[in-house]
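First the structure, in the form of structure tokens, and then the observations on it.
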Amino acid sequence: MRSPHVIVIGGGLSGLSASIALADFGFRVSLLEKTPRLGGRATSYVLPTGEQIDNCQHVTLRCCANLADFYSRTGVADKIRYYDQLVFADSKGQRAFIKPSKLPAPFHLLPSFATFRLLKWKDKQAVAHAMLRIVGSGGRPELSGAITMLDWLKQQKQTQAAIDRFWRTVLVSALNEDLEYIDASYGIAVFWKAFLSNPGGFRVGIPAVPLADLYRSTSERIERKQGHVRTRCGVAEIQVCGNKVSSVQVEDGSEMNADYYVAALTFDRLLKTLPDGIRTQEPFANFQNLLVSPITSVHLWFDRIVMQEPFLTSVDQTIQWVFNKTKLYGDGPPKSAQYLQIVISASRGLRDRSQQEIIELCKDELARLFPATREARLIRSVVICENAATFSPQPGCDRWRPDQCTPISNLFLAGDWTQTGWPATMESAVRSGYRAAEAILAQEGRPARVIQPELPVTGLARWIHRTQGGRT
Ligand SMILES: Cc1cc2nc3c(=O)[nH]c(=O)nc-3n(C[C@H](O)[C@H](O)[C@H](O)COP(=O)(O)OP(=O)(O)OC[C@H]3O[C@@H](n4cnc5c(N)ncnc54)[C@H](O)[C@@H]3O)c2cc1C
């Protein structure tokens, strides 16, 4: 019997994961990607020097079960290294650590939190109170409507220091948005899934290779399974006839058709490829209500070693995370120079600054964390600002996020911004791709589960949640 043919438009993580899942179920997949490389927003560039750099450091957490599954399917799971200890630092250079203990969830991080030097006792008491609210409700406390995370924290009587040095530090980077714009349900879910419900959820996974190296095996696997991966192959228009996609028009003027189509594009790109009459219909017309938030990454090469930790979080400065890329890539003889990458999420405040001003700001702030940078020579620097890095998880935004099935019978959507229950992350992208694959399988009359279960709720977290009558 002829296997069904699927055209997947977009080679980011959502398109790659839909392609792999469908290829594994015997579909013939044609993956069309506009740029020369795969990975979309989670990829690497080659500099004129020949060096490959990530557009921005990407990290995952152990609770991202579908992304981990994608890496396993494509044989690159061993290229992600997991770290158990989170290092926080303030502008005085003081360090504090969050690391696991033998206590069961949700108390596994409590001993390190009790000795966390960057918060005072009253701040920690406030944080503990809010955490218990989250645990007791299974990560879904009753909320008074679509409220912001900041309002919820104020309702929980958090101190200013707890808000600024703890909640803001974790959530702005996890959700790429400021507390005053984050839907509280998103913020609460981060703490429940990563820090409270399972002792392993918070472990930070960082690729030990450039991001683009993670996708070579994906292409090979799709091609081994009768599929095709075409880069530099942008889709100009998705052509719709009645209730079905009839074909896609490629930018070189050619046409391609298939039984099913997965549009794994960002919402602005998708709207550009849809015919006028469709773009204005629901759910497509709703996408314009989603807002976006920027991320700035700053790459600095020093002539000597200035940082010892593999990565570090800064609690009270503009720079938020510093990654020691030399150490994270790891292999090879000891190095005499060092490559650092700084990440600043929700970086609207840098919009009017020149690249040179951003570099100077980073150097000043780095010197407070790593005094050795004062003596070091900055050999090279690159600033990359992604203005539309992710959608902004604003209160009520879920109503604009579409399902993967559309009113057009053979058109499916994927992308970190579609309905996945997760904020805009690599996990959300892979979930959306797997959900699109599940929807196509169901339409073929071959229902199957592709989505992976979340990490189980364990230990006392499970017990507290049940005795308090929490909903899961
Ligand atoms: C700076 C930055 C830092 C981030 N950090 C993290 C992090 O640490 N952890 C994390 O989990 N997430 C992070 N994210 C989010 C993560 O990168 C995204 O959630 C994820 O990569 C989105 O994948 P996607 O497939 O949904 O979309 P995309 O990656 O945007 O994929 C869409 C693809 O479609 C292609 N395309 C566009 N138009 C066409 C066309 N007409 N025809 C064919 N192809 C087309 C694009 O080139 C692209 O490859 C970060 C994002 C950014 C920008």
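191 is the number that numbering that gives the first Met the number 0 gives to position 192 of the sequence shown; each next residue is one higher, with no gaps. For every residue, glycine included, the Cβ atom is placed at its ideal position computed from N, Cα and C.
Quick check: does the Cβ of glutamate 32 come within less than 6 angstroms of any heavy atom belonging to ligand 1? Counting from 1 along the sequence shown, the entry for residue 32 is found at position 33. Yes, Cβ of glutamate 32 sits closer than 6 angstroms to a heavy atom of ligand 1.
What does a CB cutoff of less than 6 angstroms around arginine 132 pick up in its chain, not counting 5 residues either side in sequence? Position 133 of the sequence shown, counted from the first residue, corresponds to residue 132. Pro140, listed in sequence order.
Among the residues of its own chain, which have a CB less than 8 angstroms from the CB of arginine 470, if the five just before and after it don't count? If you number the sequence shown from 1, residue 470 lands on position 471. Because the pLDDT at arginine 470 is just 49, under 50, the model does not fix this residue reliably, and the point stays unresolved.
For phenylalanine 194 and proline 99, I'd like the C-alpha separation in whole angstroms. Here residue 194 refers to the residue found at position 195 of the sequence shown. Here residue 99 refers to the residue found at position 100 of the sequence shown. Rounded to whole angstroms, phenylalanine 194 to proline 99 spans 10 angstroms at the Cα level.
From what residue to what residue does the beta strand (DSSP E) around tryptophan 300 run? If you number the sequence shown from 1, residue 300 lands on position 301. 291-301 is the span of the beta strand (DSSP E), which, as asked, contains tryptophan 300.
In the DSSP assignment, find the unbroken alpha helix (DSSP H) run with aspartate 53 in it and report its ends. As a first step, residue 53 is located in the sequence shown; it is residue number 54 there, counting from the start. No alpha helix (DSSP H) holds aspartate 53; the beta strand (DSSP E) holding it covers 51-53.
What is the rounded straight-line gap between the Cα of phenylalanine 112 and the Cα of alanine 460? Along the sequence shown, one-based indexing puts residue 112 at 113. Along the sequence shown, one-based indexing puts residue 460 at 461. Going from the Cα of phenylalanine 112 to the Cα of alanine 460 covers about 17 angstroms.
How should cysteine 62 be labelled, buried or exposed, when 16 other C-beta atoms within 10 angstroms of its C-beta is the threshold for buried? Here residue 62 refers to the residue found at position 63 when the sequence shown is read from its first residue. Classification for cysteine 62: buried.
At the level of alpha carbons, what is the spacing between tyrosine 82 and arginine 164? For the purposes of this step, residue 82 is taken as the residue at position 83 of the sequence shown. For the purposes of this step, residue 164 is taken as the residue at position 165 of the sequence shown. Their Cα atoms are separated by approximately 22 angstroms.
Would the beta-carbon of asparagine 197 fall within 7 angstroms of that of leucine 454? For the purposes of this step, residue 197 is taken as residue 198 along the sequence shown, with counting starting at 1. For the purposes of this step, residue 454 is taken as residue 455 along the sequence shown, with counting starting at 1. Cβ distance < 7 angstroms, so asparagine 197 and leucine 454 count as in contact.
Looking only at its own chain, which residues have a Cβ that is under 7 angstroms from the Cβ of alanine 188, when we skip the five neighbours before and after it? Numbered from its first residue, the sequence shown carries residue 188 at position 189. For alanine 188, where only same-chain residues beyond five positions count, the Cβ hits under 7 angstroms are Gly138.
Distance CB(serine 16)-CB(glycine 432) smaller than 7 angstroms: Translated into positions along the sequence shown, residue 16 becomes position 17. Translated into positions along the sequence shown, residue 432 becomes position 433. Taking 7 angstroms as the Cβ cut-off, serine 16 and glycine 432 qualify as a contacting pair.
What's the gap between the Cα of threonine 312 and the Cα of glutamine 56? By 1-based counting over the sequence shown, the position of residue 312 is 313. By 1-based counting over the sequence shown, the position of residue 56 is 57. For threonine 312 and glutamine 56, the distance between alpha carbons rounds to 13 angstroms.
Which first and last residues belong to the beta strand (DSSP E) in which cysteine 240 is found? Your numbering for residue 240 matches position 241 in the sequence shown. 234-240 is the span of the beta strand (DSSP E), which, as asked, contains cysteine 240.
Just curious, the beta strand (DSSP E) that cysteine 384 is in, first and last residue? Numbered from 1 along the sequence shown, position 385 holds the residue referred to as residue 384. Where cysteine 384 is concerned, the enclosing beta strand (DSSP E) stretches over 377-390.
Say yes only if the C-beta of valine 58 is nearer than 6 angstroms to one or more non-hydrogen atoms of ligand 1, and no if none qualify. Sequence index remark: in the sequence shown, residue 58 carries index 59 (1-based). Indeed, a heavy atom of ligand 1 lies less than 6 angstroms from the Cβ.
Can you tell me where the alpha helix (DSSP H) with tryptophan 151 in it begins and where it stops? Taking the first residue of the sequence shown as 1, we reach residue 151 at position 152. Note, tryptophan 151: alpha helix (DSSP H), 148-154.
Three or more C-beta pairs under 8 angstroms: does that hold for the stretch 22-39 against the stretch 226-235? yes
Beta strand (DSSP E) segment containing threonine 317, residue limits: Within the sequence shown, residue 317 is the residue found at index 318, counting from 1. Taken as a continuous stretch (DSSP letters only), threonine 317 belongs to no beta strand (DSSP E), as it is neither H nor E.
Pull up the CB-CB distance for lysine 78 and proline 206, whole angstroms please, since I reckon it's below 8 angstroms. Counted from its first residue, the sequence shown places residue 78 at position 79. Counted from its first residue, the sequence shown places residue 206 at position 207. 6 angstroms between Cβ atoms; contact.
On the DSSP letters alone, give me the boundaries of the beta strand (DSSP E) that tyrosine 180 sits inside. Working through the sequence shown from its first residue, we reach residue 180 at position 181. No beta strand (DSSP E) contains tyrosine 180, which DSSP labels as neither H nor E.
My assumption, with CB atoms under 8 angstroms, is that valine 301 sits in contact with leucine 377. Please give the rounded CB distance. Taking the first residue of the sequence shown as 1, we reach residue 301 at position 302. Taking the first residue of the sequence shown as 1, we reach residue 377 at position 378. Just to set this straight, residue 301 is phenylalanine in the shown sequence, not valine. About 6 angstroms; that satisfies the 8 angstroms criterion.
Should aspartate 258 and proline 422 be called a contact, given that it needs their Cβ atoms to be closer than 7 angstroms? Along the sequence shown, one-based indexing puts residue 258 at 259. Along the sequence shown, one-based indexing puts residue 422 at 423. Cβ distance not < 7 angstroms, so aspartate 258 and proline 422 don't count as in contact.
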